[in-house]
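Just so you know, we're using this note's numbering here: the sequence shown kicks off at 3 and counts up by one.
From the three backbone atoms N, C-alpha and C, an ideal C-beta is built for every residue, glycine too.
The structure displayed is predicted, hence computed values, not measured ones.
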Amino acid sequence: MSRGHLLFSLFVIFLFLGGAFIQGGVARPHIDLNIEVSEGEQVQLNVSYALSGSRFYGDFNIVCFPISKLRFDRIYLFDDSRYVDIYLSRCVHGLYDHLRAEIDLLNAENEVSIVALESLLEVFSGNPATVVLAGGIPNGTDFADLALQWVERGGVLITLGNESIPFLAKESEGGVNEEGFLGLRFYPLDFLGGDRMTPSSVAEALDFRFIAPIMGIDVADVEHYGGMVIGYYYERNRVLTSAALFHIGDGALIVFSSPISVPYITSAEDAIASDIAKIVVSQLQWISGPIVFENAKGEPGKISGVMHVTFENPRFISVLALSTIDTMVIYARDIIDIHAY
């Protein structure tokens with residue numbers, strides 16, 4: 003055996019033994035949540051938490067917010083070569099791979115599928131589900147009306163960029179053309195190294211990763227249409243945001259401000275998939291009140307505390323612990339059914 007082959011073989015053995023040591027010698031971090039509920043004029047929660055099973059520094063958020071309903075949908079991603087170009091199709095498949103991995107990581111029940119137009123039309127004609135449109139959609143009022151009516155009946159539509167909202171009103175020379183349903187305006191956005199960027203309470207609580215979009219949504223329009231900013235704020239000539247949530251009828255529309263782009267860690271498939279997974283797993287699409295959170299950090303075996311939260315007449319309460327560092331998986335979730343108390 004040559005010296006080169008010997009060194010390579012030793013390197014492979016080193017990697018194998020190192021991996022075995024890491025898997026066997028370091029326990030996966032685990033967080034215990036203990037939730038006490040008391041009812042009166044308001045609902046009070048005492049959320050006790052403690053981190054165990056880790057030798058390393060921990061950093062995570064404890065998050066609580068009320069939700070109006072509880073539903074774990076199948077998620078459909080649209081990809082059809084008649085409407086989606088080759089580059090975007092690769093992005094959709096990348097989003098699919100990352101989204102499945104993120105949902106598995108969060109121990110969620112949602113299944114993920116890729117569908118062409120015929121199957122998407124069946125979804126829009128059927129029961130509520132969650133659909134992700136990344137761009138390249140059919141034109142025309144028939145598709146727009148079908149999508150809007152489906153959302154109004156309880157569907158959840160997640161769109162990436164202004165070209166992916168079927169019922170978006172187009173801007174004309176005199177302003178927003180009200181022929182569409184939703185008159186959101188999108189503007190080019192330079193990240194500027196994060197200058198004059200601040201997180202919304204949702205983005206900070208859920209540690210959203212989509213932070214460098216190439217387009218931003220006008221926050222004034224979000225407020226005008228009764229929406230909620232869930233992404234980051236960017237102060238430019240006007241205030242823009244990276245993501246917004248709208249409740250439409252019995253359903254919800256979640257708008258990411260720009261399509262999948264670069265750089266990879268902040269604007270591409272992995273970042274968007276991470277945020278979508280956190281949204282659907284936490285049930286953020288059904289948020290019905292303020293989001294409350296606190297950050298916990300420290301040395302292993304020394305991170306514990308109690309969070310006291312009060313909400314006004316919630317139907318359900320979503321409670322989760324979520325890691326804020328990529329090197330450590332810390333996740334726990336509990337959905338409190340107030341009618342059970």
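What's the call for residue i, buried or exposed, on a 16-neighbour Cβ count within 10 Å?
{"i": "F58", "result": "exposed"}
{"i": "L162", "result": "buried"}
{"i": "P292", "result": "exposed"}
{"i": "L12", "result": "The pLDDT assigned to L12 is 45, lower than 50, so where the model puts this residue is not dependable; a value taken from the coordinates is nonetheless given after this. Looking at its Cβ environment, which holds fewer than 16 other Cβ atoms inside 10 Å, L12 is exposed."}
{"i": "S260", "result": "buried"}
{"i": "V331", "result": "exposed"}
{"i": "N112", "result": "buried"}
{"i": "A222", "result": "exposed"}
{"i": "R211", "result": "buried"}
{"i": "G63", "result": "The sequence as given places Asn at residue 63; Gly does not occur at that position. Flag for N63 reads buried."}
{"i": "Y343", "result": "exposed"}
{"i": "E124", "result": "exposed"}
Can you grab the Cα-Cα spacing for the pair residue i / residue j, in whole Å?
{"i": "R154", "j": "G60", "result": "Checking the sequence, you will find Glu at residue 154 rather than Arg. Roughly 42 angstroms between the two C-alpha positions."}
{"i": "I160", "j": "I250", "result": "13 angstroms"}
{"i": "W152", "j": "E296", "result": "36 angstroms"}
{"i": "S284", "j": "G137", "result": "25 angstroms"}
{"i": "I88", "j": "F74", "result": "31 angstroms"}
{"i": "L72", "j": "V321", "result": "13 angstroms"}
{"i": "L119", "j": "N129", "result": "17 angstroms"}
{"i": "R240", "j": "S115", "result": "38 angstroms"}
{"i": "G195", "j": "V117", "result": "37 angstroms"}
{"i": "S290", "j": "P68", "result": "5 angstroms"}
{"i": "H100", "j": "K280", "result": "13 angstroms"}
{"i": "E314", "j": "I338", "result": "14 angstroms"}
{"i": "T132", "j": "E165", "result": "18 angstroms"}
{"i": "L79", "j": "W288", "result": "20 angstroms"}
{"i": "T326", "j": "V65", "result": "12 angstroms"}
{"i": "V14", "j": "S50", "result": "Interpretation of V14 is limited by its pLDDT of 40, a score under 50 that renders its predicted location unreliable; the figure taken from the coordinates is listed afterwards. V14 and S50: Cα-Cα distance of roughly 44 angstroms."}
{"i": "F188", "j": "S244", "result": "10 angstroms"}
{"i": "Y235", "j": "I256", "result": "16 angstroms"}
{"i": "G55", "j": "D192", "result": "42 angstroms"}
{"i": "R335", "j": "D144", "result": "40 angstroms"}
{"i": "V204", "j": "I232", "result": "5 angstroms"}
Could you pull the start and end residues of the beta strand (DSSP E) that residue i belongs to?
{"i": "H341", "result": "Run containing H341: none; DSSP gives neither H nor E here."}
{"i": "L162", "result": "V158 to L162"}
{"i": "V204", "result": "Segment S203 to A207 is the alpha helix (DSSP H) holding V204; no beta strand (DSSP E) there."}
{"i": "E237", "result": "Y234 to E237"}
{"i": "D61", "result": "G60 to I69"}
{"i": "D220", "result": "M217 to D220"}
{"i": "L186", "result": "It is not in any beta strand (DSSP E) - L186 carries neither H nor E in the DSSP assignment."}
{"i": "V39", "result": "H32 to E41"}
{"i": "F80", "result": "I77 to F80"}
{"i": "G300", "result": "V294 to G300"}
{"i": "M330", "result": "No beta strand (DSSP E) contains M330, which DSSP labels as neither H nor E."}
{"i": "Q287", "result": "Here Q287 belongs to no beta strand (DSSP E), and DSSP marks it neither H nor E."}
From this set, the options, which residue's C-alpha is nearest residue i's C-alpha?
{"i": "P190", "options": "T200, I219 and Y227", "result": "I219"}
{"i": "V158", "options": "L286, L322 and Y333", "result": "L286"}
{"i": "I1", "options": "S54, S70 and G55", "result": "What is shown of the chain runs 3 to 343, which leaves residue 1 out entirely."}
{"i": "A298", "options": "I338, P316, A52 and G195", "result": "A52"}
{"i": "D328", "options": "V49, V65, L107 and R102", "result": "L107"}
{"i": "N141", "options": "P130, L170, G156 and I338", "result": "L170"}
{"i": "L208", "options": "S276, Y235 and D252", "result": "S276"}
{"i": "I33", "options": "I340, G303, P316 and V45", "result": "G303"}
{"i": "I262", "options": "I274, D252 and A254", "result": "I274"}
Give the range of the alpha helix (DSSP H) segment to which residue i is assigned.
{"i": "Y89", "result": "I88 to L107"}
{"i": "Q151", "result": "T143 to E154"}
{"i": "L170", "result": "L170 -> no alpha helix (DSSP H), and no H or E assigned at all."}
{"i": "I281", "result": "E271 to S284"}
{"i": "L119", "result": "L119 to S127"}
At least 3 beta-carbon pairs within less than 8 angstroms: the region 35-48 vs the region 78-85: No, the region 35-48 does not touch the region 78-85.
Cβ contact (3+ pairs, closer than 8 angstroms) linking the region 88-102 and the region 302-314: no
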